[in-house]
Each structure stands twice: as structure tokens, then as C-alpha cells.
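**Student:** Residue numbers (my numbering): 1056 to 1652.
We put the CB at the ideal spot given by N, CA and C, even for glycine.
Sharing a structure, written as C-alpha cells. Questions coming.
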Amino acid sequence: MAEAGSFAERVKQQADIVRVIGEYVRLKKSGQSFTGLCPFHQEKTPSFNVHPVRQIYHCFGCGVGGDVFKFVMELDKCTFPEAIRTVAEKCGIAIPKPREHSPEERRENQQRSALVEMHREAATFFARQLHEAPEGKVAFAYLEDRGLDREAMKRFGLGFAPSAGDALLRQLKSKYPEKLLEASGLVSRDQARVPDGQGGHLYDRFRRRIMFPIANESGKVIAFGGRAMGDDMPKYMNSPETPIYLKSNVLYHLDRAKEALRQNDFAVLVEGYMDAIAVARAGIANVVASCGTSLAEPQIKLLGRFTRRVIVNYDPDTAGQAATERSLTLLLEKEFDVRVLALPGRADPDKFLKEQGAEAYRKLLAQAPPYLDYLIGRARQMDRTTATGKVAALNFLMPYVQRLPDRLLRSEWATRIASELRVDEPVLRESLRRAANERRGEVKAKPELVGPAVKPAERQLIQMLVEAEGRLPDGQGLRERIASEIVAHSLHRGLETEKIFEALITKVGERPDAAALGAALEERDRRTLFEILFDSSADATWESAESCLGVLRKRLVDQELAEIQRQISVGPSMGEILRLQRRKQELLQAQKSLEDL
Ligand SMILES: [Zn+2]
């Protein structure tokens, strides 16, 4: 995250993570690190650890972890630049004036500001078309028919893109070069080839559509969603991704919802623009729309800065219930408290509000069941009169339960499910309980119990590869020898820690930086790495490294032996048997010499 030489890097070097976190959490020294009660989950015994040397924190209970900036970002729910300022202020580090940008950055910044300005003009243009142009009357009538009055249209900046095909283009052409116009996604280029090789002419991307401006977090219009009038296809058309618009980074209406999200500490998540507008008009300002059924991870992160409680009110009829459930699962994984509002009569929020009114909607919102209750409801609709039916219902639910990051919560839900589905058979109960306890990459309460899948040899090697200089006369030499040995024989292939080894090996020439390594890894691997790093350090000598590498070598030999045994057992030709036997002898010898080490 922190680039070398940047202000962030300087703050990170000077800031003391123990001091900064110590302002939020009461920390006690314990061995070489500090522990305290985790501020990110409820607990009575401390499982939150801060490492003063590696400058990282990690919770063995809920699995959060990172560097000092990540801590401030997550706790204060702020952006990276804001976290840098906070840390700098807490540590008394002077904040410099904005630094000079490189010519390239300046060009990109200029392009972005020009695109934002262009979108502002386009939004004004579309709104004027809706309210003033003769052609906009149809669109206006259509919106009125959907229950929006002039005031609402103005409030949400709605507009109309005329059918002419170059109305917006004519507005913008005099001010912006063609290249920028194309980059904006507001105009397209005719694909038909023309003789001079210049490509076709430019035309408006949106024609005869109702326009919904899509704003970024700070309220600047950065894209548009266009809804077709009548039967034009596609029904919805959005701006393409541009230098200012990344679909997965934007939630519709977030700019207007921010305050209400913080105040109410929950979000209503709906699918489309019209739904968000309808809910907001009903006086529930803390509504955002994903604009599509599947929610992307960056959108979840964005929302998580304001609240971690979500009531999902998707249109039950839309295609992709599976996609919906996938994104809800992602929310669960990120430890959001997820509730589901399924409106009666399979209505979407817009329709329901129009027919039943805001009061009825609020009431249902308040009663929205937790996501797992909703799923249990669905499981109960399955045929549970037979044993197979019951197993099917359980198998439908278990993946969701297993995704809950908290073990206690998982076991609670397992009990609930057993009673709700009337699972009396002890065997089923037991498998349910076991499934709830097992979780890939699960975090255990105590470091020494961490992931049986990660063998001591792997742990020690990882510790040696991260070990900062100073402990050994030639720490760097040792790290390089270990890395080259692992690479030469692909000793890490197929290990639980394969990705961690890969990251460590590619960075072996640099000074080890635990936080940076963690940030480059997938969350599950980051957790494993931090758990290993908070464990007491290995005895970093070439002898102990060699014996760990021996364990990994032996694993490969064992694997190949098993494979050869399998091939012999299927009865190949005589010549093949002889070849396999010879190889088996070699491997047995290798196995023996590795055991003698
Ligand atoms: Zn925690």
C-alpha cells in the first residue's frame, strides 16, 4: 500500500503501531508482542495481537489483520489518505503540502477532471431535455406515471437523452477533443470502416432513454444509467467503464446516503435506480443500489466503511437468484450482519411502496429476518418427509453456515437448523455439528493450535523467510538459500501454504515487510501468514532449515511412491512393471536417507 519514498511510507516507518493502536485498545505486553481485547469482535479474553517489530496486528479470534493504516481505516471507517493523516497526527509527524506530480500523473488528473466536468454538463443537458424539450414530454409523462413528480425528478437529477443521435455530441464537440469525448463513454464511434482509415463518425451513446446520473461517493456524476422508453432494447444501458467509472467501485445513491448510513448504522440494499429512488422518497435515506444482482467485493468494502449491517431487498423475480445468493454469501464472509426482506407477492420495492405505502414498508423492514433464517425458510419448503430430502435440505444450508467467520455463531446456527428442520437422528446431528466446526482456513483461538494443515516444517521455513536481518550474521544469505532450494525442487507445490511461499520467494531479494506481503495475499492466506508470524520465532540456522526442507522433500517422495504403487496395482505390462519397480527402489532409498537426517 505504502509506496517507497512516499509520505505514507515515511509515516509508516516513524509511527509506532503499538502506540497508535494503544490509543484505541488497552494493550499488555506478552512475550515479544502485545495483546488486548479485539475492537472488531466481542470477546472476553484477549486474542488481538500487535507485533512491535513486524509492525502488524492480527486477531486470532476473528482473523482481522494488517498494518497500522489498515487498523485506522477499519476502525475509523475512513480512506487510506485519511488514515495516513490520522496516524501522522497521532505520532506528531508533520504533514507535507501536496507533493509535485509527475507529468504523466498530471495528465491523468487533468483527463479525469475534464471527464468529470463533461459529465456535469451532460447531466445538465439531459435534465433540460426532460423538463424543457418537446421530445422530453413523453419521458416526463412516463416518469409521472411511475409515481415521480417534478420535484423528485429534480432531486435525483433525472434526465432524458433525445433520439436525434448527436444532440449531446453537438453540445460537447466545441469544448472537448474527440479523443476525450470517446474516453467519456458518452459517445460512441461508428464501427463501419471508412476509406481514410480514421474509423467512423461519432454519435451519442444514449438515445431516447431516461437518464439516471450515477455519482461517486463525493457526489460527482461519473456515469449514467439509461432506461429505454417503450420496448427499445436493451432495457437498461449503462456507461462503459472509463478512467472515472469503475462499475464494481460504485454504489448508486451512496453519495446521498452516507450520513443516514452512519446515523442508522444499517443499509437497505436494492437492485435498481428506481427502487433506490422509491425507498429514499419513502424517507429511508440509507438506501443504496448495487445496479445488478451480483455485488462485487470492492462495493462491499465501500459499504463497510459506513456500516456492516445490511438489509437486502432484491427483486425476488429477477434472473439469477444464484447470483444474488452468491453476493449475499460474500457479505456474510465479510462479517456483515445480513438480513433479507422478501416483499409479499414477489413485489419489487418500487411497486410495493406505490401500492402499500411507506409505513407498511418500514414495518416489514423492521421485521426482516437474518439471512440464515430466510434460507432456513427456503429449506423448509423442500421435501423433508424422507431421509434423502432432509439431507438435501441440510446440504443446501451447510455451505452458508460454514462461511460464517465466527465459530460460536456457526455452532449456534447448526443447533438452530437441527431443531428447525426436525433433525433428530444423532448421526445427522453429529455431521451437522462437525460441518459447523470445520472451516477451511479457520482461525483457532490459540496460535499453537493453528491449522493442522500447516505443518511445523512449513511454519518454520516461513518464519525464516520473513525473519528480519539482525538476528543472524547472514540472515539474507540463509533466506536466499532456502528460497532457491524450494524453487529448484518445487517443494511448495500443493502445500496449504503454497501461495505464501510463492510471495515470499519472489520478494526474497528485498527487506521482508510482513504487512506488504499480507496485503498482496488473498485474505485466507494473509491470516495464515500472520498466525505463523505471531508464533514464537524459529531457530534460524541452516541446520534447522535443512531439516525442514527434508520434511518437504520426503513428502514429495511419499507422494510419488504412492502413485507408483497405484500404477503397479493396476497391472501394467512386464516392461512397465520393471521400470516402476526400479523407480520404487530409488524412492525407498531416498526416503530412508531423508529419515536418517
Ligand atoms: Zn477480533
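Should V1119 be listed as close to ligand 1, given that the test is whether its C-beta is under 7 Å from any heavy atom?
**Tutor:** By 1-based counting over the sequence shown, the position of residue 1119 is 64. Checking the Cβ of V1119 against ligand 1 gives yes.
**Student:** Short of 8 Å in beta carbon distance, which residues of its chain neighbour R1264, apart from the five on each side in sequence? Order them along the chain.
**Tutor:** What you label residue 1264 is simply residue 209 of the sequence shown in a count that begins at 1. Answer for R1264: F1215, A1216, G1281, R1282, A1283, M1284, D1287 and M1292, listed in chain order.
**Student:** Given a cut-off of 8 Å on the beta-carbon distance, is the pair F1361 and K1313 in contact?
**Tutor:** Stepping through the sequence shown from its first residue, residue 1361 is reached at position 306. Stepping through the sequence shown from its first residue, residue 1313 is reached at position 258. Yes, the Cβ-Cβ distance between F1361 and K1313 is below 8 Å.
**Student:** Going by CA-CA distance only, name the one from R1262, D1310 and F1261 that's closest to S1273.
**Tutor:** Taking the sequence shown and counting its residues from 1, one reaches residue 1273 at position 218. Among R1262, D1310 and F1261, the Cα nearest to that of S1273 belongs to D1310.
**Student:** Is H1174 closer than 8 Å to I1076 when the C-beta atoms are compared?
**Tutor:** Looking up residue 1076 in the sequence shown gives position 21. Looking up residue 1174 in the sequence shown gives position 119. Contact: no.
**Student:** Just checking my contact of V1509 with L1588 at CB under 8 Å: how many whole Å lie between their CB atoms?
**Tutor:** By one-based count along the sequence shown, residue 1509 stands at place 454. By one-based count along the sequence shown, residue 1588 stands at place 533. 12 Å between Cβ atoms; not a contact.
**Student:** Is it buried or exposed for L1097, if we count other Cβ within 10 angstroms and need 16 for buried?
**Tutor:** Locating residue 1097 in the sequence shown gives position 42, where the first residue counts as 1. Note on residue identity: the sequence assigns Gln, not Leu, to residue 1097. Label assigned to Q1097: exposed.
**Student:** Less than 8 Å between the C-beta atoms of L1092 and A1169, yes or no?
**Tutor:** The sequence position of residue 1092 within the sequence shown is 37, counting from 1. The sequence position of residue 1169 within the sequence shown is 114, counting from 1. Cβ distance not < 8 Å, so L1092 and A1169 don't count as in contact.
**Student:** Helix, strand or coil for K1409 per DSSP?
**Tutor:** Within the sequence shown, the letter at position 354 stands for residue 1409. DSSP places K1409 in helix when its eight states are reduced to three.
**Student:** So if DSSP puts Y1300 in a beta bridge, which residue, or which two residues, is it bridged to?
**Tutor:** In the sequence shown, residue 1300 corresponds to position 245, counting from 1. T1297.
**Student:** Rounded to whole angstroms, what is the Cα-Cα separation between V1080 and V1108?
**Tutor:** Within the sequence shown, the letter at position 25 stands for residue 1080. Within the sequence shown, the letter at position 53 stands for residue 1108. Cα-Cα distance, rounded: 18 Å.
**Student:** H1113 bridges to which residues according to DSSP?
**Tutor:** Locating residue 1113 in the sequence shown gives position 58, where the first residue counts as 1. Answer by DSSP bridge pairing, in chain order: N1104 and G1120.
**Student:** Start and end of the alpha helix (DSSP H) containing D1613?
**Tutor:** Counting from one through the sequence shown, the residue named residue 1613 turns up at place 558. Per DSSP, D1613 belongs to the alpha helix (DSSP H) from W1597 to S1624.
**Student:** Under 7 Å: does the beta carbon of S1346 sit that close to some heavy atom of ligand 1?
**Tutor:** In the sequence shown, counting from the first residue as 1, residue 1346 sits at position 291. With the sequence shown as reference, residue 1346 is identified as Cys, and Ser is not the correct amino acid for it. False, no ligand heavy atom lies under 7 Å from that Cβ.
**Student:** G1255: beta carbon under 7 Å from a heavy atom of ligand 1?
**Tutor:** Translated into the one-based positions of the sequence shown, residue 1255 becomes position 200. Answer for G1255: no, Cβ out of range of ligand 1.
**Student:** Can you list, in chain order, the residues of its chain whose CB lies under 8 Å from that of D1245, leaving out five sequence neighbours each side?
**Tutor:** To locate residue 1245, count along the sequence shown from 1; it is residue 190. Result list for D1245: G1254, G1255, H1256, L1257 and Y1258, in chain order.
**Student:** If you check the beta carbons only, do Y1455 and T1384 fall under 8 Å apart?
**Tutor:** As a first step, residue 1455 is located in the sequence shown; it is residue number 400 there, counting from the start. As a first step, residue 1384 is located in the sequence shown; it is residue number 329 there, counting from the start. A contact, by the Cβ cut-off of 8 Å.
**Student:** Return the chain-ordered ranges of every alpha helix (DSSP H) run that is complete within the region 1375-1452 and spans a minimum of 4 residues.
**Tutor:** The region 1375-1452 contains these whole alpha helix (DSSP H) runs: 1376-1388, 1404-1422 and 1426-1435.
**Student:** Around the Cβ of Q1436, are there at least 16 other Cβ atoms within 10 angstroms (buried) or fewer (exposed)?
**Tutor:** Within the sequence shown, residue 1436 is the residue found at index 381, counting from 1. It counts as exposed.
**Student:** Beta carbon of F1135: closer than 7 Å to some heavy atom of ligand 1?
**Tutor:** Your numbering for residue 1135 matches position 80 in the sequence shown. No - ligand 1 has no heavy atom lying nearer than 7 Å to the Cβ of F1135.
**Student:** Can you tell me whether E1513 is buried or exposed, with buried defined as 16 or more other CB within 10 angstroms of its CB?
**Tutor:** By one-based count along the sequence shown, residue 1513 stands at place 458. When all chains shown are included, E1513 counts as buried.
**Student:** At a threshold of 7 Å, does F1103 count as lining ligand 1 (C-beta to nearest heavy atom)?
**Tutor:** Position 48 of the sequence shown, counted from the first residue, corresponds to residue 1103. Answer for F1103: yes, Cβ within range of ligand 1.
**Student:** Check the C-beta distance from A1413 over to A1337 and give it rounded, since I have them as a contact under 8 Å.
**Tutor:** Here residue 1413 corresponds to residue number 358 of the sequence shown, with the count starting at 1. Here residue 1337 corresponds to residue number 282 of the sequence shown, with the count starting at 1. Indeed they touch by this definition, with Cβ atoms about 4 Å apart.
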